[in-house]
Amino acid sequence: MTQDGGAAADPVGAPHPARRVGIAATAVVLSGVAAGLVGAAMVLLLNGVGALAYGPGAASAEQILRVPAWRRVVAPTAGGLLAGLGWWGLRRGGAIVRVRAALSDPGRRMGVLRTTADALLQVLLVGSGGSIGREGAPRQTAAVLAQFISRRLGVDATLARTLLATAAGAGLAAVYNVPLAGALFSVEILRVRRPAGMLIAAVMSLIATVVAWPVVGLRATYVFPSAPPDLPAAAWALAAIPLTALIGLGFEALRAMAEWLRPGVGWRLPVAIAIAGAVLGLLSVPLPALPGNGKDIMELVFAGQGSILTLAFLLVLKPLVTTLYVRSGAVGGLLTPALATGAAAGGCAAAVVRAWGGEASVPVWGLVAAAGVLAVTQRAPLFAAAMAWELTAAPWWTVPLLVVVAYAAAWTAGGIRQVRRPRTRAQFSGSDPTA
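Those letters in the sequence shown? Residues 0 to 434, by numbering that gives the first Met the number 0.
Now the structure itself:
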């Protein structure tokens with residue numbers, strides 16, 4: 000029996016099949032609506048925290064440049080300290096059950112209040128500039144609400160696990176307006192593989208996305224310029240395969256090392272996160288695109304801006320400060336930091352080529368590399384390609400490049416992993432610990 004819709008014999012006294020279908024459909028719709036409301040609420044909260052931290056209107060790197068330097072240092076430091084204090088108190092009651100843990104062990108349940116509190120602390124951290132992804136909070140909150148709905152409606156254990164996994168993807172879909180990527184997150188990363196489970200993932204992600212539209216909007220998250228197909232982009236796609244594989248593996252290794260070194264539950268936790276915030280704040284004075292989940296880096300690249308030196312620094316520092324936050328004990332998503340790292344790599348490569356008189360589209364090269372790095376860190380190439388494309392609504396001709404680079408980079412990285420660790424296998428295909 001699997002989490003994604005496998006058939007099972009009806010027990011004695013089970014509801015009539017038609018009623019079971021009705022209950023299942025109700026659970027899917029309610030879970031999708033809940034995920035959409037969660038996504039919308041998280042966006043509003045993030046915007047509110049950001050306005051408090053940096054002032055109204057400070058929504059981009061260009062606008063943050065107008066924020067006083069002292070505030071750029073204080074905001075992530077104070078946000079880290081407050082989030083750390085909250086996690087210190089929360090974790091004293093025991094570890095927070097993540098989506099993957101609940102899927103791997105049906106006996107473990109995600110507590111609604113503790114999971115939601117953990118998500119709100121993530122919002123506080125990201126909104127104040129912390130270098131961590133904002134997608135972790137809506138994923139886990141949508142998942143715990145789906146679990147609650149499943150219990151209230153009395154759905155069977157198999158469907159309940161499917162709803163848990165697909166709701167996590169729906170939460171991602173809602174907050175970024177990426178219904179296809181949200182469904183593929185459930186399929187590739189959380190291993191929803193049966194046809195019934197895939198259908199539920201698609202329906203739930205679509206419902207969640209539509210519900211969140213009044214707040215998130217119908218447009219893609221990033222503005223991407225129209226660009227005609229060209230041979231340099233195809234050549235870059237080939238060169239990007241080994242490069243993004245190595246960058247993704249490096250990001251993955253840093254994250255794994257940081258997790259081993261995390262502090263325990265105690266006074267060191269808020270201090271460590273505050274120090275991470277202070278380091279980030281100081282670095283953000285010359286590099287205003289560095290704070291946050293990576294949005295400012297991707298906006299910089301997709302606008303075709305940023306010098307070679309700036310993009311090179313962002314390429315190196317983004318994974319370092321992100322893993323510094325992981326090392327400090329902070330939790331959150333890692334999808335957008337990986338995308339931003341790849342975008343900086345591609346943008347830097349394009350800027351170098353242009354400096355030497357060659358032809359290169361900074362936005363296209365950045366997008367291709369972003370998909371490659373995400374495919375490696377999440378071990379989910381189809382999801383990575385879909386995520387990169389839906390976030391930008393890039394020209395259709397880029398889709399084959401994204402898919403090819405994502406699959407080839409993931410395959411290359413997989414081969415390197417087998418050489419390094421031939422006898423080890425990950426329990427799940429993805430590598431985001433908050434999934």
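From the three backbone atoms N, C-alpha and C, an ideal C-beta is built for every residue, glycine too.
Assignment of glycine 128 by DSSP, reduced to helix, strand and coil, places it in the coil class.
With respect to the 9 Å criterion, leucine 338 and leucine 390 are classified as neighbours on the basis of their beta carbons. Bridge pairing for glycine 332: Gly132 [DSSP]. Looking from the CA of leucine 198, the closest CA among Phe223, Ala370, Leu89 and Ala166 belongs to Ala166. The Cβ atoms of serine 149 and alanine 164 lie no closer than 9 Å to each other.
Between valine 325 and glutamate 258 the beta-carbon gap is near 6 Å, inside 8 Å, which marks them as a contact.
Annotation: the region 62 to 130 contains no complete segment of the beta strand (DSSP E) (minimum length 3 residues). Considering only Val37, Trp388, Leu29 and Ile22, the residue with the shortest C-alpha distance to arginine 218 is Trp388. Selection Glu298, Ser30 and Ala275 evaluated against isoleucine 131 yields Ala275 as nearest (Cα-Cα). Three or more beta-carbon pairs drawn from the region 331 to 346 and the region 289 to 306 are found closer than 8 Å, and the two stretches are therefore classed as touching.
The straight-line gap separating the alpha-carbon atoms of alanine 118 and arginine 353 is approximately 42 Å. Between the alpha carbons of lysine 294 and valine 372 lies a gap of roughly 16 Å. Residue nearest to arginine 70 within the set Leu281, Thr376, Ala173 and Met203 is Leu281 (criterion: CA-CA distance). Taking 9 Å as the cut-off, the beta carbon of alanine 369 is found no closer than this to the beta carbon of alanine 408. With fewer than 16 other Cβ atoms inside 10 Å of its own Cβ, arginine 151 counts as exposed. Here the alpha carbon of alanine 271 sits roughly 7 Å from the alpha carbon of glycine 328. DSSP places phenylalanine 223 in no alpha helix (DSSP H); its state is neither H nor E. DSSP places glycine 365 inside the alpha helix (DSSP H), whose first and last residues are 361 to 377.
Residue burial is scored here from C-beta neighbours: alanine 348 has at least 16 other C-beta atoms within 10 angstroms and is therefore classed as buried.
Within the same chain, and ignoring the five residues on either side of arginine 91 in sequence, the residues whose Cβ sits closer than 7 Å to its Cβ are Val264. Leaving aside the five residues that flank leucine 45 on each side, the residues in its chain whose CB is nearer than 7 Å to its CB run, in chain order, Val122, Val125, Gly126 and Arg133. Going by DSSP, aspartate 295 is part of the alpha helix (DSSP H) stretching over 294 to 301.
Approximately 46 Å separates the beta-carbon atoms of tryptophan 87 and tryptophan 235; this is outside 8 Å, ruling out the contact. A straight-line Cα-Cα distance of about 54 Å links alanine 52 and histidine 15.
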